[in-house]
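Structure, as structure tokens:
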Amino acid sequence: MAGGKVTSSTGIAPKRYVYYPGSEELGPDEIRVIACGTGMPTARRAQAAAAWVVELGNGDKFIVDIGSGSMANIQSLMIPANYLTKIFLTHLHTDHWGDLVSMWAGGWTAGRTDPLEVWGPSGSREDMGTKYAVEHMLKAYNWDYMTRAVTINPRPGDINVHEFDYRALNEVVYQENGVTFRSWPCIHAGDGPVSFALEWNGYKVVFGGDTAPNIWYPEYAKGADLAIHECWMTSDQMMTKYNQPAQLALRINLDFHTSAQSFGQIMNMVQPRHAVAYHFFNDDDTRYDIYTGVRENYAGPLSMATDMMVWNITRDAVTERMAVSPDHAWDVAGPSEDLAPDRNRASEYTQYILDGRLNVDEANAHWKQEFMGRTGLTTEDLGVGS
């Protein structure tokens, strides 16, 4: 995937150091994983919060976690919205699901015609589970839903939640088209968080979510092709860079996250084809101390993840690259039906607001007539949602 000799002044490099989204066909026995968020709860322009896009050679695509700020990175991949409907949540901290609402609304306006399907863990109480969280997210955004439902179509505004028992040990939570997701518990902040293993075609990709070191990950992630696990910033970095008091800077690496040294021990137990460390601010003055901590206990293949890092997984190799994607990405159409607005839905306007419209018919007359003639629209279409 890297380098290659250019043999013509008008030719191309036969191999690339980078991945240009939409420019490479995925092989039928290949997996591509793209890090769309690798940072901390305080998302920043350089790193969004946790999010992973997985593309399989059978055509299936999945999102695992969709933390705050990650939607822009996902959008920059220019994948048609109808291909991104299956989302798996490791837990319900905002840095792991905060942009679900952006995917929900953004995909709806970008041409998605199907509801979102969300898989996530239960909680120790009903009000701590994924179903409760998503239902109340939709209640909070009811105005958004009601106004889009009448102007576009209500179907893409639905979210189907598939909640499973967070206590299940390596049990199947999804199985379709030859793809299996398994789940097991994590130790992080309280009951509920989980890790996932995606299994397909003899490959295994593991997503750790957030967790302190636990007995389940080394057991169920063993032999993974790609093993993703959090690797927290050092306690000194948490004090000097993240403004945490010493007591919390220590506890955060011991009680509810995973230190670099612990990450190394875990990967030494798992022995994956390739390990991925994430969930730290990946800067010149942070990554090397974290890397050194990992190497105290693990000597195998390792990526220190940052946003838009890409891994192609084949039988021969696990190849790490960086994606080069546009800052000004547009939605890309896919093979989906055109959904007409529901003409039976009542407008969300009152006559009081409608009476405030300014008459601009003359200003719009020429281009409106030309556009309607070219697209086959009639005056009946003008009344939908108004």
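First residue of the sequence shown? That's 1 in UniProt numbering, and the numbers climb one at a time after it.
Just so you know, even glycine gets a beta-carbon here, dropped at the ideal spot from N, CA and C.
- So the alpha helix (DSSP H) residue 263 belongs to, where does it begin and stop? In the sequence shown, the residue the question calls residue 263 occupies position 263. Per DSSP, residue 263 belongs to the alpha helix (DSSP H) from 260 to 270.
- Item | residue 280 - DSSP class collapsed to helix/strand/coil | Locating residue 280 in the sequence shown gives position 280, where the first residue counts as 1. DSSP places residue 280 in coil when its eight states are reduced to three.
- Starting from residue 312 and walking both ways along the beta strand (DSSP E), at which residues does that stretch end? For the purposes of this step, residue 312 is taken as the residue at position 312 of the sequence shown. That run of the beta strand (DSSP E) goes 309 to 313.
- Query: Quick one: does residue 39 have its CB under 7 Å from some CB of chain D?
  - Reply: The chain labelled as chain D is not found in the depicted structure, where only one protein chain is given.
- Item | Residue range of the unbroken beta strand (DSSP E) whose run includes residue 182 | Numbered from its first residue, the sequence shown carries residue 182 at position 182. 179 to 185 is the span of the beta strand (DSSP E), which, as asked, contains residue 182.
- Item | Nonlocal neighbours in the same chain, by C-beta distance under 6 Å from residue 301, ignoring five residues either side | The residue labelled residue 301 in the question sits at position 301 within the sequence shown. Closer than 6 Å at the Cβ level, and outside the excluded window around residue 301, lie 274.
- Does the distance from the C-beta atom of residue 73 to that of residue 283 stay below 7 Å? By 1-based counting over the sequence shown, the position of residue 73 is 73. By 1-based counting over the sequence shown, the position of residue 283 is 283. Against a cut-off of 7 Å, the Cβ pair of residue 283 and residue 73 comes out as no contact.
- Boundaries (first-last residue) of the alpha helix (DSSP H) holding residue 147: Position 147 of the sequence shown, counted from the first residue, corresponds to residue 147. Segment 142 to 151, the alpha helix (DSSP H) holding residue 147.
- Query: Are the region 173 to 193 and the region 114 to 134 in contact at 8 Å, needing three or more beta carbon pairs?
  - Reply: yes
- Excluding the five sequence neighbours on either side, which residues of its own chain have a C-beta within less than 6 Å of the C-beta of residue 207, listed in chain order? The residue given as residue 207 occupies position 207 in the sequence shown. Only 64, 196 and 228 meet the Cβ criterion.
- Item | Distance between beta carbons of residue 231 and residue 280, contact taken as under 8 Å | Mapped onto the sequence shown, residue 280 falls at position 280. Mapped onto the sequence shown, residue 231 falls at position 231. About 6 Å; that satisfies the 8 Å criterion.
- Task: Kindly provide the ranges of any alpha helix (DSSP H) runs that are 4 or more residues long and lie completely inside the region 155 to 242, ordered along the chain.
- Result: 216 to 220 and 235 to 240
- Message: Taking only three categories from DSSP, how would you classify residue 38?
- Response: The residue given as residue 38 occupies position 38 in the sequence shown. Coil, per DSSP.
- Close-in-space but distant-in-sequence residues of the same chain around residue 276 (CB under 6 Å, 5 per side omitted): As a working note, residue 276 is residue 276 in the sequence shown. Same-chain partners within the cutoff: 228, 303 and 305.
- Query: Which two residues bound the contiguous beta strand (DSSP E) that contains residue 323?
  - Reply: By one-based count along the sequence shown, residue 323 stands at place 323. Per DSSP, residue 323 belongs to the beta strand (DSSP E) from 318 to 323.
- Task: For the beta strand (DSSP E) holding residue 362, just list the boundary residues, first then last.
- Result: Residue numbering aside, residue 362 sits at position 362 when the sequence shown is read from its first letter. Per DSSP, residue 362 belongs to no beta strand (DSSP E); it is in the alpha helix (DSSP H), 361 to 375.
- Item | Minimum C-alpha distance to residue 173 - residue among 69, 89 and 226 | For the purposes of this step, residue 173 is taken as residue 173 along the sequence shown, with counting starting at 1. The candidate whose alpha carbon is nearest that of residue 173 is 89.
- Query: Is the Cβ-Cβ distance between residue 115 and residue 159 less than 7 Å?
  - Reply: For the purposes of this step, residue 115 is taken as the residue at position 115 of the sequence shown. For the purposes of this step, residue 159 is taken as the residue at position 159 of the sequence shown. Yes; because the gap between Cβ atoms is below 7 Å, this pair is in contact.
- Message: On the DSSP letters alone, give me the boundaries of the alpha helix (DSSP H) that residue 289 sits inside.
- Response: Residue mapping note: residue 289 aligns to position 289 of the sequence shown, counting from 1. Start and end: 287 to 295.
- Task: With distances taken Cα to Cα, identify the nearest neighbour of residue 204 among 359, 226 and 23.
- Result: For the purposes of this step, residue 204 is identified with residue 204 of the sequence shown, where counting begins at 1. Out of 359, 226 and 23, 226 has the C-alpha closest to the C-alpha of residue 204.
- Task: Report yes if the C-beta distance between residue 333 and residue 294 is below 7 Å; otherwise report no.
- Result: Walking along the sequence shown from the start, residue 333 turns up at place 333. Walking along the sequence shown from the start, residue 294 turns up at place 294. Cβ distance not < 7 Å, so residue 333 and residue 294 don't count as in contact.
- Query: From which residue to which residue does the beta strand (DSSP E) around residue 65 run?
  - Reply: Taking the first residue of the sequence shown as 1, we reach residue 65 at position 65. Run containing residue 65: 61 to 66, per the beta strand (DSSP E) assignment.
- Task: Determine, using beta carbons only, whether residue 103 and residue 22 come nearer to each other than 7 Å.
- Result: The residue you call residue 103 lines up with position 103 of the sequence shown. The residue you call residue 22 lines up with position 22 of the sequence shown. No, the pair does not count as a contact, with Cβ atoms beyond the cut-off.
- Decide if residue 373 is buried, meaning its Cβ has at least 16 other Cβ atoms within 10 Å, or exposed. The count along the sequence shown starts at 1 and reaches residue 373 at position 373. Result: exposed.
- Item | Contact the region 346 to 355 vs the region 239 to 248: 3+ CB pairs below 8 Å | no
- Under three-state DSSP, which class holds residue 102? Counting from one through the sequence shown, the residue named residue 102 turns up at place 102. Helix, per DSSP.
- Query: Exposed or buried, what is residue 2 when buried is set at 16 or more other beta-carbons lying within 10 Å of its beta-carbon?
  - Reply: Locating residue 2 in the sequence shown gives position 2, where the first residue counts as 1. For residue 2, the predicted structure reports a pLDDT of 48, less than 50, and the residue's modelled location is therefore unreliable. A value from the coordinates is still provided. So residue 2 counts as exposed.
- Quick one: measure Cβ to Cβ for residue 212 and residue 147, integer angstroms, because I've assumed they're closer than 8 Å. On the sequence shown, position 212 is the one that residue 212 refers to. On the sequence shown, position 147 is the one that residue 147 refers to. No, residue 212 and residue 147 are not in contact; Cβ-Cβ is about 43 Å, not under 8 Å.
- Query: Identify the residues that DSSP records as bridge partners of residue 88: which are they?
  - Reply: Start at 1 with the first residue of the sequence shown, and residue 88 comes out as number 88. The partner list for residue 88 (beta bridge, DSSP) reads 64 and 119.
- Task: Taking 7 Å as the cut-off, decide whether the C-beta atoms of residue 156 and residue 112 are in contact.
- Result: Translated into the one-based positions of the sequence shown, residue 156 becomes position 156. Translated into the one-based positions of the sequence shown, residue 112 becomes position 112. Their beta carbons are under 7 Å apart, which means residue 156 touches residue 112 by this criterion.
- Extent of the continuous alpha helix (DSSP H) run through residue 56: Here residue 56 corresponds to residue number 56 of the sequence shown, with the count starting at 1. Segment 51 to 56 is the beta strand (DSSP E) holding residue 56; no alpha helix (DSSP H) there.
- Item | Residue closest to residue 319, alpha-carbon to alpha-carbon, out of 17, 168 and 178 | Locating residue 319 in the sequence shown gives position 319, where the first residue counts as 1. Ranking 17, 168 and 178 by Cα distance to residue 319 puts 17 first.
- Task: Taking all protein chains shown into account, decide if residue 377 is buried (16 or more other Cβ within 10 angstroms of its Cβ) or exposed.
- Result: For the purposes of this step, residue 377 is taken as the residue at position 377 of the sequence shown. The residue is exposed, with fewer than 16 neighbouring Cβ atoms inside 10 Å.
- Item | Secondary structure of residue 1, DSSP reduced to three states | Taking the sequence shown and counting its residues from 1, the one referred to as residue 1 is at position 1. Caution applies to residue 1, whose pLDDT of 46 falls short of 50 and renders its modelled position unreliable; the model cannot decide the point.
- DSSP beta-bridge partners for residue 136? Locating residue 136 in the sequence shown gives position 136, where the first residue counts as 1. None; residue 136 has no bridge partner.
- Taking the continuous alpha helix (DSSP H) assigned at residue 250, which residues delimit it? Taking the first residue of the sequence shown as 1, we reach residue 250 at position 250. That run of the alpha helix (DSSP H) goes 246 to 251.
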